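Below is one structure, written out as C-alpha cells; comments come after it.
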Amino acid sequence: MDHQHAHHHAGHAGHAGHAGHADHASDSSVADILDLDAEVVGSYLEELTAWARAHTTVAPRTILDVGAGTGTGTWALASRFEAAEVIAIDQSPVMLDRLQAAAAARGLTGRLRTVRADLDAGWPPIGTADLAWASSSLHHLADPDRVLADLHTALNPGGLLVVVEMDAMPRFLPEDVHPGLEERCRAAGARNGWNAWPDWTGHLERAGFTVAEERVFAIDVRPAPPAAGRYAHRVMSGMRDRLAEHLSAADLAALDRLLDPADEEFVLRRGDLVVRGARTAWAARRA
Ligand SMILES: C[S@@+](CC[C@H](N)C(=O)[O-])C[C@H]1O[C@@H](n2cnc3c(N)ncnc32)[C@H](O)[C@@H]1O
C-alpha cells in the first residue's frame, strides 16, 4: 500500500485510496499500525460485533472481511460467530501473510480463507455469504459504489453488510496536557483530507441495501494499555511530519517535546495516557 493508505492510522496523507499497489515496506509499516490499533483500542469490537449480531436475521455461516488488513475484524468476527467460516479479502500479500500467521497462532486456520484480490479490478469469485464486514476499507476504493453493488449480489437474501469507519485518529493526552493540541491536529488533518469518508447511507441505499441502523461507537480506554505509548508515538510523528505547514509554531513545539526522548514529556515514557476515539458503523441489509 502506498503512503496514502496509512493515513487514518499513521497520520499520513489523506483519502485518495485508489492508489493501486504498494510496496512491501509501507505495507509492513501500515500493518504494524493496524496491529497496534487492535491492541490498544480493539475492545470496542466486542460491542460492535454484538451489535452486528443483533442485526443478523440468520446465524451466518460465511462471513466476508473486505479489506481485512492484518485481521483485526477477522478475529472479532470469528469469535462472535463461532460456527462461521471467514473469508478475508485483501490486495496486499503482506497483510494476508500476517493474517495467515496470526490465524495459525490462534488455531483458526480451519475457519479462515484468504483471498488476494484488488477489488478495484473486479469482484473475486468467492461465492455467497451471509454477513460482510468492511472496516476502514471502503474509502480506499476507486469505485466503492461498484464494490457495494458486488457485495449486495454476493450476500444471500437477508444478509447483512456492516461498514465501519474511524471517526478520526485516536487521542492520547489527558485533558490538561497541551489542551486542544490533538483537536487542532485532527482539524488540520481533516482540512487536508485525512481519513475522508462519505456518509455511506446514500451509497448503501443506491446499491440496493436497506440501512437498518447507523451508530457511533465511542472508544475510551483508561488506563491506557502498555502499547498506547507506541501508538501515540506513531500518530504524533505522522502529524509532525505531514502537518508541519498547517500547525502553529507553538503546536509544533509541543509535538517536538512529546517526541523527544530527552524531554520529560516524551510520549513513550508517559504513564498518564488515555485513549479516546470513535467508530461510525452502518448495518445494512439485503432485502
Ligand atoms: C486501513 S486498512 C483496514 C484493515 C482492517 N479492515 C482493519 O480495520 O484493521 C485498509 C485495508 O484495505 C486494503 N485495500 C485497500 N484497497 C484495496 C483494494 N483495492 N482491494 C483490496 N483491498 C484493498 C488494504 O490493503 C488494507 O489492508
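Using our numbering, the letters of the sequence shown map in sequence onto residues 1048 to 1334. Just so you know, even glycine gets a beta-carbon here, dropped at the ideal spot from N, CA and C. Remember, predicted model here, so these are calculated numbers, not experimental data.
- In the structure shown, Leu-1159 adopts extended strand secondary structure according to DSSP, grouped into three states.
- The beta carbon of Gly-1276 is closer than 7 Å to those of Val-1314, Leu-1315, Arg-1317, Leu-1320 in its chain, skipping five residues each way along the sequence.
- Checking the 7 Å criterion, the Cβ of Ser-1075 is out of range of every heavy atom belonging to ligand 1.
- Taking 8 Å as the cut-off, the beta carbon of Arg-1333 is found no closer than this to the beta carbon of Trp-1098.
- Distances from the CB of Thr-1119 to the heavy atoms of ligand 1 include at least one below 7 Å.
- By the Cβ-count criterion, His-1071 is exposed, with fewer than 16 other Cβ atoms from all chains shown falling within 10 Å of its own Cβ.
- Your pair Leu-1095 and Ile-1110 does not check out as a contact, with CB atoms roughly 14 Å apart and the cut at 8 Å.
- Residue nearest to His-1187 within the set Pro-1171, Leu-1155, Asp-1137, Leu-1159 is Asp-1137 (criterion: CA-CA distance).
- Collapsing the DSSP output to three states places Gly-1206 in a strand.
- For Thr-1104, there is no enclosing alpha helix (DSSP H), as DSSP marks it with neither H nor E.
- If you keep only unbroken alpha helix (DSSP H) runs of at least 4 residues inside the region 1223-1254, you get 1228-1238, 1247-1253.
- Residue side-chain check: Gln-1138 places its Cβ nearer than 7 Å to a non-hydrogen atom of ligand 1.
- Look at Asp-1190: its beta carbon is at least 7 Å from all of the heavy atoms in ligand 1.
- By the Cβ criterion, the region 1296-1313 is not in contact with the region 1249-1267, since fewer than three pairs of Cβ atoms, one from each stretch, lie closer than 8 Å.
- Thr-1200 is classed as exposed because its beta carbon has fewer than 16 other beta carbons within 10 Å across all chains shown.
- Looking at the backbone, the Cα of Ala-1196 and that of Pro-1226 are separated by about 44 Å.
- Taking C-alpha positions only, Leu-1092 is separated from Leu-1306 by approximately 30 Å.
- Put simply, the backbone Cα of Val-1210 is about 32 Å away from that of Leu-1294.
- CA-CA distance, Pro-1217 to Gly-1154, rounds to 31 Å.
- Assigned with DSSP and collapsed to three states, Gly-1089 falls in coil, not helix or strand.
- Between Ala-1274 and Val-1087, the gap from beta carbon to beta carbon is short of 8 Å.
- Scanning its chain for C-beta atoms nearer than 7 Å, with the 5 sequence neighbours on each side dropped, one finds around Gln-1147 the residues Thr-1161, in chain order.
- If you check the CB distance, Gly-1120 and Leu-1081 do not come in under 8 Å.
- DSSP, reduced to helix, strand and coil, places Glu-1260 within a strand of the structure shown.
- Take Leu-1178, set aside five residues on each side of it, and the residues of its chain with a beta-carbon closer than 6 Å to its own are Pro-1107, Ile-1110, Leu-1207, in chain order.
- Between the beta-carbon of Trp-1180 and that of Thr-1248 there is about 17 Å, and that puts the pair past the 8 Å contact cut.
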